[in-house]
Each structure stands twice: as structure tokens, then as C-alpha cells.
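A short write-up of the structure that comes next.
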Amino acid sequence: MIALAAYTILLSIFVLLCALARKLLPENFGRKVVGPTIIAVSTVWLGGVLKWLKTFQRIDWDVRNEVELSKQQWYMIVSNHQSWVDIFALFHVLLGNIPFLKFFIKKELLRVPIVGQAWWAMDYPFMQRHSRAEIAKNPAKANDDLEATKKACKRFSYTPTSIVNFLEGTRYTQQKHDKQDPPYEHLLRPKAGGIAFAIQALGERFSSMLDTTIVYHGERPSFWDLACGRVGKVTVHMRHIEIPKRFVEMDYMNNRDDKKDFQNWLHEVWLEKDALISKIKAEQA
């Protein structure tokens, strides 16, 4: 564990130095020259972490991949969200098979020592969450996340990128489920705004959406459970879902019909995901 921490800190520092060099160069030139180095080092880092997990933690992976993958394409990946382990599950299946994963991350996580700064260096977009009271006091803050999405999509348009979006916006807990009372047994309500804007901005580069479903057989594991080898069996199911062309051309923010149609479409995707989780859990039982 100490060796893994030292390995993470060492490579994170190198990534940060590369990111600082990128900052000093003209934007487009810096991204073209230094960007690939940052991604290469990050890939080595994650590859080492995954090898450590495979060697010492012996997670029972059940990967059900119905799709062909390529490093030369853009990917919009959506997933349910239950645990920090979700991130490692996605990297386990996808690292080296598609462009390096870029997650939308809560801005508060930028404060995590070393790793938070490494996420910044890897060009992960940080989202600022505001309470209803804050938005009521300053309505302009309601658009902060959409503006961050817009800027991120502009950066991602230059080279094949994999964008990961946990649509529920938070990790699933029974307490949150009870509070929301959603029409799903295993999921929270999906947030449509961020992904709608990403599809509007980069939709022509996405032939489809890569729908990922993660199921833990047993209690939802914490990061500490992962470190201590208490994860057990994990099922990861992946499928392509075609993105209707009308959503690439929609005006989600200003057209009520577009917004309603997109939310209804996403609701159907979530109903199918919920049924799939029930099926996988029933198989295990």
C-alpha cells in the first residue's frame, strides 16, 4: 500500500509539471505537444494501479461487453454511480481500448492533495454545485455547470476523447433514494442538462452513447474496502445506444419541447438500466 501511494505521488507530480509547462505555452500548441505526454503518463499510472488491484485484491470481474471499441473515436459514456470504486471499474474495462477517460468532477475534489491537482492536470472539467438558496440569491449561478461543460467540450473537440458522465450527479444511497422517490428501484433520477449540452456541442462526433451499468454483488464498497480487498464480485455491462439525430440539433436550454423530449428519452434509458440491474441481481441470487 505504501509503495502504491509513493507510485501515485511520483507520477502525479510529473503530470503536474507537464501541466505547468502546458500552461506556459500557447493553448493549442501546448495541448498538441504536452497533452499527449500527460495522457501517456496518466495511462501508465492507471495501468499500474489496475495491475496492483489484479495482483493483490483479486476482484471477481464479470465484464459483459456488447460493443466494439476504438482509440480513434469520441465516446459519450454514461453510468450509474454508487461508489468511488465505479471509477476503477470503468478504467478496468476501458483503459487502453478507447481514448483516456475524462470525468466531470465536483469542484470540491480539487482540494484533495496531489490527486485533485492531477485531475486538473489531466484536463478533467470541474463542476460547481450550488444549493437552491444560492441560486435563488444569484440566478446566474444556475448556469455555472453548463458553462463549464461548454468550455470542456471545446477542449475535447480537437482530439478523440472519452467523456464520462455519472448522470445521477451523486453516489446512490438508500437515504437519497427515499428522499427522491424516483420511478426506479436501483437508481436515482438522471440529471439531463449536462449531457444534453455535451451532445449539442459534440454530438456529430458521437455515433452513439456508451451506456455502462455497474453492479456490486453485496454491499456497495467504499474506497477503503477496495484498498483492503473487500470488493468481491463486480458486473460491468456495456452497450451502445444510438443518439437520435434530433437531439444533436436541439436547443435544450430554450426550447421546452426539446427539453421534454430529451428528458423522456433519458428516462426510458434509465428504466432499461434499472431493469438490467434487477436482472443481474436476480441471476446472482
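In full-length UniProt numbering, the protein residues as written are 1 to 285.
The beta-carbon is built from N, C-alpha and C at its ideal position, and this holds for glycine as well.
For residue 233, the enclosing beta strand (DSSP E) begins and ends at 233–242. For residue 115, the uninterrupted alpha helix (DSSP H) run begins and ends at 115–121, by DSSP.
Of 17, 48, 137, 237, the smallest CA-CA separation from residue 280 is found for 237.
Within 10 angstroms of the beta-carbon of residue 18 lie 16 or more other beta-carbons, which makes it buried. Taking all protein chains in view, the Cβ of residue 153 is crowded by 16 or more other Cβ atoms within 10 Å, so the residue is classified as buried.
Counting C-beta pairs with one atom in each stretch, the stretch 266–276 and the stretch 180–194 have three or more that are closer than 8 Å, which means they touch.
Excluding residues up to 5 positions away in sequence, 93, 236 lie with their Cβ nearer than 7 Å to the Cβ of residue 63 in the same chain. For the pair residue 214 and residue 231, the CB atoms are not nearer than the 8 Å cut-off. Annotated three-state conformation of residue 164 is strand, per DSSP. Restricted to the stretch 11–69, the alpha helix (DSSP H) segments that are unbroken, complete and at least 4 residues in length are 27–33, 35–52, listed in chain order. The continuous stretches of beta strand (DSSP E) do not include residue 93, which lies in the alpha helix (DSSP H) extending over residues 85–94. With 16 or more other Cβ atoms inside 10 Å of its own Cβ, residue 82 counts as buried. Shortest Cα-Cα distance from residue 203 to any of 229, 163, 183 involves 163.
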